[in-house]
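Asks: So the working numbering is basically just the index in the sequence shown, starting at one, shifted up by 661. First, the structure itself, so that you have it in front of you.
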Amino acid sequence: MSLLKRLGTTPDEGTSPDAPAAPPARTTTRLGAADGGVATPPRGGTSDLGALRRPTIAAPGNVAPRADSFNELKSRVQNRLISELDPRMDLANHEEVRRTVEETFQSVLEAENIVLTRVERLRLYEAISAEILGYGPIEPLLKDDSVSEIMVNGPRQVYVERSGKLVLSDATFQDDDHVMRVIDRIVSPLGRRIDESSPMVDARLPDGSRINAVIPPISLVGPTLTIRKFARDPLTSEDLIRFGTVSREMVTFLKACVEARLNVVVSGGTGSGKTTTLNVLSSFIPDDERIITIENAAELQLRQDHVVTLESRPANIEGRGEITIRDLVVNSLRMRPDRIVVGECRSGEALDMLQAMNTGHDGSMTTAHANTPRDALARLETMCLMSGVELPMRAIREQISAAVDLIIQQARLKDGSRRVIAVTEVQGMEGDVIVLQDVFVFEQTGVENGKIVGRMKPTGIRPKFVEKFEAANIFLPPATFGASYDRLF
Ligand SMILES: Nc1ncnc2c1ncn2[C@@H]1O[C@H](COP(=O)(O)OP(=O)(O)OP(=O)(O)O)[C@@H](O)[C@H]1O
Ligand SMILES: [Mg+2]
């Protein structure tokens, strides 16, 4: 993408009255004396940015005009800077572009005689370099480690998730086109496109963050962008214990389940932490096993050596070349897997996955969208029906009950915390019904300072698959299940 297209501007814009490329000589512009900066008096001439010096700007609490004047200054400096940069510059050479932008930025400030505090200068430089080199107004949010998700709902509303809570950020875009340019910048290097004829796109940022964009006419609020940030350091079982997502006993139990090659489905609502839990479970797979992971957008981060990561692919512009999760599940069976880990079952691949689990690829794991373990079974049934293979319902249920050993139910609670709220064994069929038995359930004991307090309680029932533990030479103390020795033996 050319520099000009990247920024949605033309060289002429740099000389437009709004953004003069060469304003009258020796005009001093000052922004934000209220920030503690040294106020430098104008050195003659009248500034086009007179508005910047309006007292209201510095008035405490008067945020909107300040933001506007900052944006005005930003677009003015940016336009001048762009008009001075060589449009043929190779944007792929990040280092050089960065250096040139920095030098030009300094010279534009000097030429325009814009006096800023150090803080303001840095802020302006970061905002402008984010437009040129990064992803515009959301760049600081992408860099902010306390933000886990970014949701752009059109140009004026950018929500973020911090500590499990949604908050409105103060980032804004200029207009719909500005959001579109950022979306385009994300998807076009991947050979993908987004326009009226294909208004939705899934993609990934270079750092692995998962993104989804939907633009008008499908989105009525303007172009939207949802970014699930990629955790550089994925959460570990110790993190989950610390956050109260799971108890230590449960981790011991789940580790045993993975080592004993149980087939596990992590179930939960959207954003409830399914993939994270799946990643933690996968970390318990012994090092000497060959693991194949299959995902829509590779999010899992396995530490083992012997891992093959496969990613599905949408159809290209001509509608060809699609590789579905289902294709990959079928293909993985020919790759001598010890374990198949499917990021998420959404459709017909569930049937292939169940078949794999039933035919010697035990110890496989996946996630599904459902709100209770019983719902997860219903979802699996529906997904099997979506495979197009005509099987009677009873046969599907038998497949499910024979394949799945354990459902881990995850939820995002009202206080923003993510918790495992049930660990449930799939015991088998009774008549036409699949029998489920909870092994652990979350018991809420109260609310303290807005935080939900409770604990994972073993139900006292020893799961039937404990035999598999014993076969794998894994012995858990009976207290793990909350049972006394008397009840067990
Ligand atoms: N146990 C946890 N405690 C705190 N934060 C968590 C926990 N698990 C996941 N998260 C955070 O929540 C966000 C969503 O997690 P994750 O991607 O695992 O959810 P998901 O259920 O797979 O979502 P989706 O339905 O979109 O696939 C991430 O930012 C992740 O870092
Ligand atoms: Mg997920």
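Virtual Cβ for every residue (Gly too), placed ideally from N, Cα, C.
Let me check one thing: in DSSP terms, what residues is Ala959 bridge-paired to?
Replies: Answer is none; Ala959 lacks a bridge partner.
Asks: Quick check: Pro1034 and Arg853, are their CB atoms within less than 9 Å of each other?
Replies: Against a cut-off of 9 Å, the Cβ pair of Arg853 and Pro1034 comes out as no contact.
Asks: Can you find the residues in the same chain that come closer than 6 Å, C-beta to C-beta, to Phe1130, ignoring five residues on each side of it along the sequence?
Replies: Correct list, in chain order: Ala917, Ala921.
Asks: Is the beta carbon of Ile953 sitting closer than 9 Å to the one on Val969?
Replies: Closer than 9 Å, so yes.
Asks: Beta strand (DSSP E) containing His1030: first to last residue?
Replies: Taken as a continuous stretch (DSSP letters only), the beta strand (DSSP E) holding His1030 covers 1026-1030.
Asks: From the DSSP output, read off the bridge partner residues of Lys935.
Replies: The partner list for Lys935 (beta bridge, DSSP) is empty, contrary to what the question assumes.
Asks: By the three-class DSSP mapping on this structure, what secondary structure does Gly1143 have?
Replies: It is coil, neither helix nor strand.
Asks: Tell me the DSSP secondary structure of Asp988 in three-state form.
Replies: Helix, per DSSP.
Asks: For Ile931, tell me which candidate among Leu827, Ala1031, Val907 has the shortest Cα-Cα distance.
Replies: Correcting the residue type first, residue 931 is Thr in the shown sequence and not Ile. That would be Ala1031, whose Cα lies nearest to the Cα of Thr931.
Asks: Which term fits Met1117, buried or exposed, when burial requires 16 or more other beta carbons within 10 angstroms of its beta carbon?
Replies: It is buried - the Cβ of Met1117 has at least 16 other Cβ atoms within 10 Å.
Asks: Any heavy atom of ligand 4 closer than 8 Å to the CB of Gly1004?
Replies: Although ligand 4 was asked about, the structure shown includes only ligand 1 and ligand 2 as ligands.
Asks: Between the Cα of Ser858 and those of Asp1023, Val875, Gly869, spot the shortest distance and give me the residue it belongs to.
Replies: Looking at the Cα atoms, Val875 is the closest of the given residues.
Asks: Which first and last residues belong to the beta strand (DSSP E) in which Leu1038 is found?
Replies: Not the beta strand (DSSP E): Leu1038 falls in the alpha helix (DSSP H), residues 1034-1046.
Asks: Skipping 5 residues on each side, what residues in its chain have a beta carbon closer than 7 Å to that of Ser870?
Replies: The answer, listed in chain order, is Ile888, Arg889, Lys890, Phe891.
Asks: Per DSSP, Ala1072 forms a beta bridge with which residues?
Replies: Its beta-bridge partners are Arg1080.
Asks: Which residues in the same chain as Ile986 place their Cβ atom closer than 7 Å to its Cβ, once the five residues preceding and following it in sequence are excluded?
Replies: Result list for Ile986: Ile955, Asn957, Ser973, Val1003, Glu1010, in chain order.
Asks: Counting pairs of Cβ atoms below 8 Å between the stretch 749-764 and the stretch 774-784, do you hit three or more?
Replies: Segments in contact, no.
Asks: Assuming Val758 is part of the beta strand (DSSP E), what are its boundary residues?
Replies: Not the beta strand (DSSP E): Val758 falls in the alpha helix (DSSP H), residues 755-773.
Asks: Leaving out the 5 sequence neighbours to the left and right, which residues in its chain are closer than 6 Å to Asn873 when beta-carbon positions are compared?
Replies: Answer for Asn873: Asp863, Thr887, listed in chain order.
Asks: So for Glu1109, helix, strand or coil by DSSP?
Replies: Three-state DSSP puts Glu1109 in a strand.
Asks: Name the residue from Asp1093, Glu810, Leu1074 whose alpha carbon lies nearest to the alpha carbon of Pro1053.
Replies: Checked all of Asp1093, Glu810, Leu1074; the closest Cα to Pro1053 is Asp1093.
Asks: Which class does Asn924 belong to by DSSP, given the choice of helix, strand or coil?
Replies: If DSSP states are grouped into helix, strand and coil, Asn924 belongs with coil.
Asks: How close, in whole Å, do the beta carbons of Thr833 and Pro816 come, if the pair is a contact with beta carbons under 8 Å?
Replies: So it is a contact: roughly 6 Å between Cβ atoms.
Asks: For His967, collect the residues of the same chain with a Cβ closer than 6 Å to its Cβ; drop the 5 residues on either side in sequence, then sort them by chain order.
Replies: Excluding positions up to five away in sequence, the list reads Arg951.
Asks: So, with DSSP's three-state summary, where would you put Pro1151?
Replies: With the chain running from 662 to 1150 in the structure shown, residue 1151 is simply not present.
Asks: Could you give the residue range of the alpha helix (DSSP H) that holds Met1054?
Replies: Element bounds for Met1054: 1054-1064.
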